[in-house]
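See structure below.
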Amino acid sequence: MTSDFPILTFLIFLPLCGSLLLFACRRSDDLARGVALSFALAEFALCVWLSLGSTLGAPAGAPAGFFRFEDAAWIERFGIRYTLGMDGISLVMALLTAFITVIAVLVSWTGIRERVPLYFSLLLALQCGIQGVFLSLDLFLFYLFWEAMLIPMFFLIGIWGHGRKIYSAVKFFLYTFLGSLLMLVAIIALYLMHGDQTGSYTFSLAGLLQTDVPYGLSLWLYAAFLLSFAIKFPVFPLHTWLPDAHTDAPTAGSVLLASLLLKTGAYGLIRFAYPLFPDAARAFTPLLYVVAVFGISYGAWVAFAQKDMKRLVAYSSVSHMGFVALGIAAWSPVALSGALLQMVNHGITTGALFAIVGMLDERAQSREIATYGGIWGKVPVLSFFFLFFCMASAGLPGLNNFVGEFLVLVGTFRVAPLAALGAFLGIVLTLVYTVRLVQEVLFGKENKPLSLKDLSLREAGVLALLALVAVYLGVHPGPVLDLFQVPIELLTK
Amino acid sequence: MTLADVFSIMPIIIAACTTLVVLLCGPLLHSGTVSWIAVVGSGAAGLWAVNTPTAATPALPGLHFTPFAQFLIPLFCLSAVLTLLFSHGYNERRAIKGEEYPATVLFALFAMCVLPCATNLLILFLALESIAFAFYILVTMDLNRAESGEAGLKYLLMGAVAAAFTAFGFALIFAGSGTLELAGAVATPENRAIVSAGWGVVVIGIAFKLSLVPAHLWTPDVYQGAPAPVAAFLSTSSKVSAAALLLMLLAFSPPMPELRAPLYVLSLLSMVIGNLAALLQKNIKRMLAYSSIAHMGYLTLALLTGTREGYAAVLLYGAVYTAMNLAAFGAIASLSIDEERDLISDYAGLGFSAPLRGGVLALAMLALAGIPPTAGFIGKFFIFYSAIRGGEMTLAIIGIVSAAASAYFYLKVAVQLYMHRSRVEAATPRPTPAAESLALCGAALFIIVLGIFPAPLMRLVDAALR
Chain S
1 MTSDFPILTF LIFLPLCGSL LLFACRRSDD LARGVALSFA LAEFALCVWL SLGSTLGAPA
61 GAPAGFFRFE DAAWIERFGI RYTLGMDGIS LVMALLTAFI TVIAVLVSWT GIRERVPLYF
121 SLLLALQCGI QGVFLSLDLF LFYLFWEAML IPMFFLIGIW GHGRKIYSAV KFFLYTFLGS
181 LLMLVAIIAL YLMHGDQTGS YTFSLAGLLQ TDVPYGLSLW LYAAFLLSFA IKFPVFPLHT
241 WLPDAHTDAP TAGSVLLASL LLKTGAYGLI RFAYPLFPDA ARAFTPLLYV VAVFGISYGA
301 WVAFAQKDMK RLVAYSSVSH MGFVALGIAA WSPVALSGAL LQMVNHGITT GALFAIVGML
361 DERAQSREIA TYGGIWGKVP VLSFFFLFFC MASAGLPGLN NFVGEFLVLV GTFRVAPLAA
421 LGAFLGIVLT LVYTVRLVQE VLFGKENKPL SLKDLSLREA GVLALLALVA VYLGVHPGPV
481 LDLFQVPIEL LTK
Chain U
1 MTLADVFSIM PIIIAACTTL VVLLCGPLLH SGTVSWIAVV GSGAAGLWAV NTPTAATPAL
61 PGLHFTPFAQ FLIPLFCLSA VLTLLFSHGY NERRAIKGEE YPATVLFALF AMCVLPCATN
121 LLILFLALES IAFAFYILVT MDLNRAESGE AGLKYLLMGA VAAAFTAFGF ALIFAGSGTL
181 ELAGAVATPE NRAIVSAGWG VVVIGIAFKL SLVPAHLWTP DVYQGAPAPV AAFLSTSSKV
241 SAAALLLMLL AFSPPMPELR APLYVLSLLS MVIGNLAALL QKNIKRMLAY SSIAHMGYLT
301 LALLTGTREG YAAVLLYGAV YTAMNLAAFG AIASLSIDEE RDLISDYAGL GFSAPLRGGV
361 LALAMLALAG IPPTAGFIGK FFIFYSAIRG GEMTLAIIGI VSAAASAYFY LKVAVQLYMH
421 RSRVEAATPR PTPAAESLAL CGAALFIIVL GIFPAPLMRL VDAALR
C-alpha cells in the first residue's frame, strides 16, 4: 500500500459503504447480519493494522504528534479543508470504536428481529460519524461529523427502543442539537477573529490554535464549547437526557451511547476546547472540579435508588464519567492519561454491563432488579460475567477501572487535593450500589420462578472478549499509556 | 437587436412559446403529452440559460441577461420542471383536467425568467405581478375542493394589497429620482426622504410576498388550501423571486442604511414567531407554511447585513430552500391519494410502507432543520456566518436558538414516518409513478450532494453577484 493512500478516509467511510450496501440486503436478515459483521470486523482489522504504524514519524505537513495525516481542499470559499489526522489519542479512540461496534453487532444478533438490514445500516452509519469525530482536525469537518452522528442514533432509539422511546429519542436529539449550535457560533466567531488577525481564513485546528483571543471573549467561546461537550459528556446537571436515552435504547444502542458517544464529548474537550482557549479553561477549572466531584457522588447516589437495571447502569455512567471530567480538570500529564484511559475503561465495562442487562432482558423480558434474585445457581456463566464486570466497574484492583481511577486520583491529588478526596468518597458510594446490584440479582432469594437459559456461545464469546480486554488493561496498561504519552506531552506543555 | 441579443433572452422566449403551444395544442393532445411538452419546454429554457454567455448590454430596453439572471433562471426552471412532474399524477387523481394548469405554470415561469433580467422598475413590477397573477389561478385550480377557492380568494386580496404597496413604492422612487431605471433610481442627498420612503413602502409589499411577520397571515391558509404541487411551487419560486427583487434593489445600488431597522424587525419576528407557531401545528402543510415564514426570516437576516457575503448567502439559501421545500411538498403531493394527507399523524408508518417518498420527506425535514450532511446545514451555516461577519451577532444567536427549537417539529414528521405504527384507516399509498420518483430522487440528490460538495454552487453564487 503506498504511503499516500488515504487510509484515514478509508477508515471513516468503510462503515458507510457497508451501511449503503445493507440497503441491497433487504430480502435476507441473515445476510444483513453477516454483511454488518464483516464490515465491523474489517474496520477493526484496519484499526489494528494502523496501530502497528504508530511509531512512524510524522508525515509531511502533519502537526507534531500525528503519525497519519490527510489534507485536501474542500470548500475553498471559507478556507474549509478536509483535514484528518491520527495521533495516539485518536488511534486508541478509533480502536475502541471499531471494537465496540463489533460487540454491538454481535449483541444485537438475535435481539433485533424487525427491519434488521436498516438497523445494521444505521449502526454502521453511526460508526462512520464517530470515527469522523475522532479523526477530524478541521473544526468545520468535526462539527459536520459531530452532528451527523445524531441522526442514526436518533433512529436507533426511536425505532427499536423500548418504553418511552420516542420521548427519549427526541430529548436526546434536541439536547445535543441545541448545545452544538451554540458551539457552531463560537467556531464561526473564532474563525472570523483568526481571519481578521492573520488574513488567512481557516477552520483548521492547527491554524486556529495561533489565534490571539481576548480573555473576556475567550470565556464566552469556551463556555459555548464546554456546554456542547458537557451535554454529551454528560456532566451534572446537563445529564438528564442520558438515563432516558440509555434506558429506552435497544441494547446495542445503549452500548454505543455509553461506550462511544459519551467519549466524543470528553475527546472534544481535550482535543479542541482546552487547547483553543487555555486561559478560559483555567478560569473554568474550579467549576469543572465541582461538577465532576458532585457528578461522581450524585450518579452513584441516584444509581443506588434505581429499580431498573439499565437505569442503574446509566446513572453509574454519570458517576464514572465524573472521573474523566476530574482528570481533564486537573490537566496534568498523569491525570489526563488517567482520564483517557478511564474513557476506554468505561467504554469496556459499561458496554459489557449494558450487554448483560440486554441478555437478561431477552431471557426474562424484564429489567427490574426485583424480577431476578438468586440466579447465580441457574445461569452460572452469565452470573460470572455479571459479577466480573460489576467488580471491574467498582474499581477492583487488577481490573481496568482501577488503573484509570487511580491515575486520575493521583494526578488530581497533586493539584487539587480536596477534589481528589471528594472523588474518593464517591468511589465508596460506587461500591454501595454495585454490591446491592450483585447481591439482589445474583444472590439473595429467588423472587419469581424464572426459567433462564445460560449464555449461548456467541454471547459468552462477546463477554469473554470484553473481559479479556478488561483484564489486559488492568494488569498491563503500559502500551495504551505509551500511545497517550506523546500527545499528552504536547497538550500539557 | 442582434442575434446574440435574441440568444441571450431565449429562455424567456422559450417559456413564452411553450405556454402558447400548450394552450393552443392542449385540447387536441393527450394530457400526458401536454405535461411532457411543458416539462421539456421548462427544461430547455433552463438548459439554454446555463449554456449561454451573459450579455454585456441589455438585449431589449429593460431586459438584460446578467450573471444574476443566469443563476436564477435555471433555478426557476428546475423548480417548474419538478412541479410539473409532481402535478401530473396528482391532477389526474383529483380530476383537475385541462391544459390550463401546465400553461399557467409555464406562464409563471415566463414571468420568473423576466424578473431577474429586468433593468427598470416597471418591468420588475410587471414581472412580479404576472407571477402573482399566475398563482392566483393555480391556487384555486382544484375546483372540487372548497378550501382551494377560499385560499385563492385570501391570496388574491392579500396579493392585491401587496401589489398596491409595491406600486406605490416604485412611484415614490420614481417621483424622487426621476427615472424608472434601476441603476438610476438611487437616493441622493436632495431626494433622500422621498426615495427612502419609497423603498420603505416597497419593503412592505415584498414582506407580504415573502410572508414575513407581521404580513404572514395569509400563508398557512393558502398553503393548506392550495393543491400540494402548487404549494411546492408557491413556497419556493415565488418566494425566491420576491427575495431576488429585493436583492436587485439592494445589491446593485448604493447601500441604504435606513432599511436595516425595518428588515431587522421583520427578520426577528419571522424567525421567532414562525418557528414558535410551527411548533403548535398538527397539519403538515400549515407547519410547512410557518416553517417557510421562519426560513424567510433567515433570508432577511442575511439580506440586512448589506454585505456581499450576505447577498451570496441569500442566493445560496434560495437554491437550497427550493430543493428542500420541493422535496417536502412533492412527497406530500405524491402521498396524498383522493384527499390531502393533511395531519402529521396521517404519515404514521409511511417510512416503511412507502420507502422512497417517506425517505425523501424525512430527508427534507432533516434538511429544513439544518442537520448535516444535508444542504440545509450548508445554507444555514452560510446565513449565520454572514450575519456574524456582518456584525449581527445578537440576531444571529436568536436565529440559531429558534432554529434549534425548530428541529422539534421537523423531527415530529420523521417520528411519525418511522416510529409509529401505520393506522388502519390511513389508506396504503399506491405505487409511485415514474415521473414522481424521478422528481423526488432529483430533489433528494440535490439536497445530499450540495450538503457534501457545496463548493461548485458557491462559485456560481459568487459569479452571479459579480
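Residue numbers (this note's numbering), protein chains in the order written: chain S, 1 to 493; chain U, 1 to 466. For glycine and all other residues, C-beta sits at the position ideal for the given N, C-alpha and C.
>> Pairs of beta-carbons, one from the segment 129–145 of chain U and one from the segment 99–116 of chain U, closer than 8 Å: are there three or more?
In response: yes
> Does Phe386(S) come within less than 8 Å of chain U when only Cβ atoms are used?
Replying inline: Locating residue 386(S) in the first sequence gives position 386, where the first residue counts as 1. Not one chain U Cβ lies under 8 Å of Phe386(S).
>> What residue range does the alpha helix (DSSP H) around Asp208(S) cover?
In response: In the first sequence, counting from the first residue as 1, residue 208(S) sits at position 208. Reading off the sequence, residue 208(S) comes out as Leu, not Asp. Leu208(S) -> alpha helix (DSSP H) spans Leu205 to Leu208.
> Would DSSP call Phe145(S) helix, strand or coil?
Replying inline: Taking the first residue of the first sequence as 1, we reach residue 145(S) at position 145. In this structure, Phe145(S) counts as helix in the three-state DSSP scheme.
> Which residues bound the beta strand (DSSP E) around Met393(U)?
Replying inline: Counted from its first residue, the second sequence places residue 393(U) at position 393. Not the beta strand (DSSP E): Met393(U) falls in the alpha helix (DSSP H), residues Met393 to Met419.
> So, are the CB atoms of Ile231(S) and Leu238(S) less than 8 Å apart?
Replying inline: What you label residue 231(S) is simply residue 231 of the first sequence in a count that begins at 1. What you label residue 238(S) is simply residue 238 of the first sequence in a count that begins at 1. Result yes, Cβ atoms of Ile231(S) and Leu238(S) sit closer than 8 Å.
> Is Gly158(S) close to chain U, meaning its C-beta is less than 8 Å from at least one C-beta of that chain?
Replying inline: Taking the first residue of the first sequence as position 1, residue 158(S) is located at position 158. Chain U contact via Cβ: present.
> Which of the three DSSP states, helix, strand or coil, is assigned to Ile75(S)?
Replying inline: Translated into the one-based positions of the first sequence, residue 75(S) becomes position 75. Ile75(S) falls in the strand class under three-state DSSP.
> Curious, which full-length beta strand (DSSP E) runs of at least 3 residues does the segment 72–114 of chain S contain?
Replying inline: 80–86
>> Using the Cβ count rule (16 or more neighbours within 10 Å means buried), how would you classify Met1(U)?
In response: By 1-based counting over the second sequence, the position of residue 1(U) is 1. With fewer than 16 Cβ atoms within 10 Å of its Cβ, Met1(U) is classed as exposed.
>> Only counting the same chain, and skipping five residues up and downstream in sequence, which positions put a Cβ closer than 7 Å to that of Ala329(S)?
In response: In the first sequence, residue 329(S) corresponds to position 329, counting from 1. If we look at Ala329(S) and ignore the five residues flanking it on each side, its Cβ neighbours are Thr285, Leu288, Tyr289 and Ala292.
> Which residues, taken in chain order from the segment 258–283 of chain S, show a beta carbon closer than 7 Å to some beta carbon of chain U?
Replying inline: Under the 7 Å Cβ criterion, the segment 258–283 of chain S contributes no residue.
> If you measure from the beta carbon of Phe225(S) to each beta carbon in chain U, is any gap under 8 Å?
Replying inline: Translated into the one-based positions of the first sequence, residue 225(S) becomes position 225. No, Phe225(S) lies away from the interface with chain U (no Cβ there is under 8 Å from its Cβ).
> Taking Val203(U) as the reference, which of Ser79(U), Leu85(U) and Ser267(U) has the closest Cα?
Replying inline: The residue you call residue 203(U) lines up with position 203 of the second sequence. Comparing Cα-Cα distances from Val203(U) to each of Ser79(U), Leu85(U) and Ser267(U), the minimum goes to Ser267(U).
> Mind checking Leu440(U): buried by the 16 CB within 10 Å criterion, or exposed?
Replying inline: Reading the second sequence from its first residue, position 440 is the one you call residue 440(U). Burial call: buried.
>> Can you list, in chain order, the residues of its chain with a C-beta nearer than 6 Å to that of Gly411(S)? Leave out the 5 residues immediately preceding and following it.
In response: By 1-based counting over the first sequence, the position of residue 411(S) is 411. So the qualifying residues of the chain are Ala330, Ser332, Val334, Ala335 and Gly338.
> Which chain U residues sit within Cβ distance under 8 Å of Arg77(S)?
Replying inline: As a first step, residue 77(S) must be located in the first sequence, where it is residue number 77. Under the 8 Å cutoff, chain U gives Ala455, Met458, Arg459 and Asp462.
> Would a check of beta-carbon distances place Leu343(U) closer than 8 Å to chain S?
Replying inline: As a position in the second sequence, residue 343(U) is number 343, starting the count at 1. No - not a single Cβ of chain S is within 8 Å of the one on Leu343(U).
> Who are the Cβ neighbours of Ala206(S) in its own chain at under 6 Å, not counting the five residues just before and after it?
Replying inline: Taking the first residue of the first sequence as position 1, residue 206(S) is located at position 206. The residues are Pro63.
>> Does Trp49(S) pass the burial test, meaning 16 or more other C-beta atoms within 10 Å, or should it be called exposed?
In response: In the first sequence, counting from the first residue as 1, residue 49(S) sits at position 49. Exposed, because fewer than 16 other Cβ atoms sit within 10 Å of the Cβ of Trp49(S).
>> I believe Phe68(U) touches Ala278(U) by the beta-carbon criterion, under 8 Å. Please report the beta-carbon distance rounded to the nearest angstrom.
In response: Indexing the second sequence from 1 puts residue 68(U) at position 68. Indexing the second sequence from 1 puts residue 278(U) at position 278. Contact doesn't hold; Cβ gap of about 31 Å is too wide.
>> Counting beta carbon pairs with one atom in the segment 385–392 of chain S and one in the segment 432–439 of chain S, are three or more of them shorter than 8 Å?
In response: yes
> Any residues in the segment 401–426 of chain U with a beta carbon nearer than 9 Å to a beta carbon of chain S? Which ones, in chain order?
Replying inline: Result list: Val401, Ala403, Ala404, Ala405, Ala407, Tyr408, Leu411, Lys412, Ala414, Val415, Tyr418, Met419 and His420.
> What is the C-beta distance between Met149(S) and Val133(S), in whole angstroms, given that I count them as a contact (C-beta under 8 Å)?
Replying inline: Here the question's residue 149(S) lines up with position 149 in the first sequence. Here the question's residue 133(S) lines up with position 133 in the first sequence. Their Cβ separation, rounded to whole angstroms, is 6 Å, which keeps Met149(S) and Val133(S) in contact under 8 Å.
>> Against chain A, which members of the segment 109–136 of chain S pass a CB distance test of less than 8 Å?
In response: Any reference to chain A falls outside this structure, whose protein chains are S and U.
>> Do Ala323(U) and Ala375(U) count as a contact pair if the criterion is CB distance below 8 Å?
In response: For the purposes of this step, residue 375(U) is taken as the residue at position 375 of the second sequence. For the purposes of this step, residue 323(U) is taken as the residue at position 323 of the second sequence. A contact, by the Cβ cut-off of 8 Å.
> Is it the case that the Cβ atoms of Ile112(S) and Pro250(S) are separated by a distance below 8 Å?
Replying inline: Sequence index remark: in the first sequence, residue 112(S) carries index 112 (1-based). Sequence index remark: in the first sequence, residue 250(S) carries index 250 (1-based). Result yes, Cβ atoms of Ile112(S) and Pro250(S) sit closer than 8 Å.
> When the Cβ atoms of the segment 260–272 of chain S are set against those of the segment 359–373 of chain S, are three or more pairs found closer than 8 Å?
Replying inline: no
> Tell me, which residues are paired with Glu368(S) by DSSP?
Replying inline: For the purposes of this step, residue 368(S) is taken as the residue at position 368 of the first sequence. Glu368(S) pairs with Asp308(S).
> What residues of chain U sit near Phe177(S), judged by a beta carbon separation below 7 Å?
Replying inline: By one-based count along the first sequence, residue 177(S) stands at place 177. Going along chain U in sequence order, the residues near Phe177(S) (Cβ under 7 Å) are Ala404 and Ala407.
> In chain U, which residues lie less than 9 Å from Leu192(S) when you measure between Cβ atoms?
Replying inline: The residue given as residue 192(S) occupies position 192 in the first sequence. Here the neighbours are Tyr385, Ile388 and Arg389.
> On the premise that Ile378(U) lies in contact with Leu450(U), defined as a C-beta separation below 8 Å, what is that separation, rounded to the nearest angstrom?
Replying inline: Residue numbering aside, residue 450(U) sits at position 450 when the second sequence is read from its first letter. Residue numbering aside, residue 378(U) sits at position 378 when the second sequence is read from its first letter. Confirmed, Cβ separation roughly 6 Å.
>> Please confirm whether Met1(S) has its beta-carbon closer than 8 Å to some beta-carbon of chain U.
In response: As a first step, residue 1(S) is located in the first sequence; it is residue number 1 there, counting from the start. At Met1(S), the pLDDT of 40 sits below 50, so the modelled position is not reliable and the matter cannot be decided from this model.
> Quick one: Cα of Gly318(U) to Cα of Ser292(U), how far?
Replying inline: Along the second sequence, one-based indexing puts residue 318(U) at 318. Along the second sequence, one-based indexing puts residue 292(U) at 292. When rounded, the distance between both Cα atoms is 12 Å.
> Is it right to say Tyr191(S) is buried, meaning 16 or more other beta carbons lie within 10 angstroms of its own, or is it exposed?
Replying inline: Residue numbering aside, residue 191(S) sits at position 191 when the first sequence is read from its first letter. It is buried - the Cβ of Tyr191(S) has at least 16 other Cβ atoms within 10 Å.
> Do the segment 405–421 of chain S and the segment 369–384 of chain S touch if we need at least three Cβ pairs shorter than 8 Å?
Replying inline: Touching, no, given that fewer than three Cβ pairs across the two stretches are closer than 8 Å.
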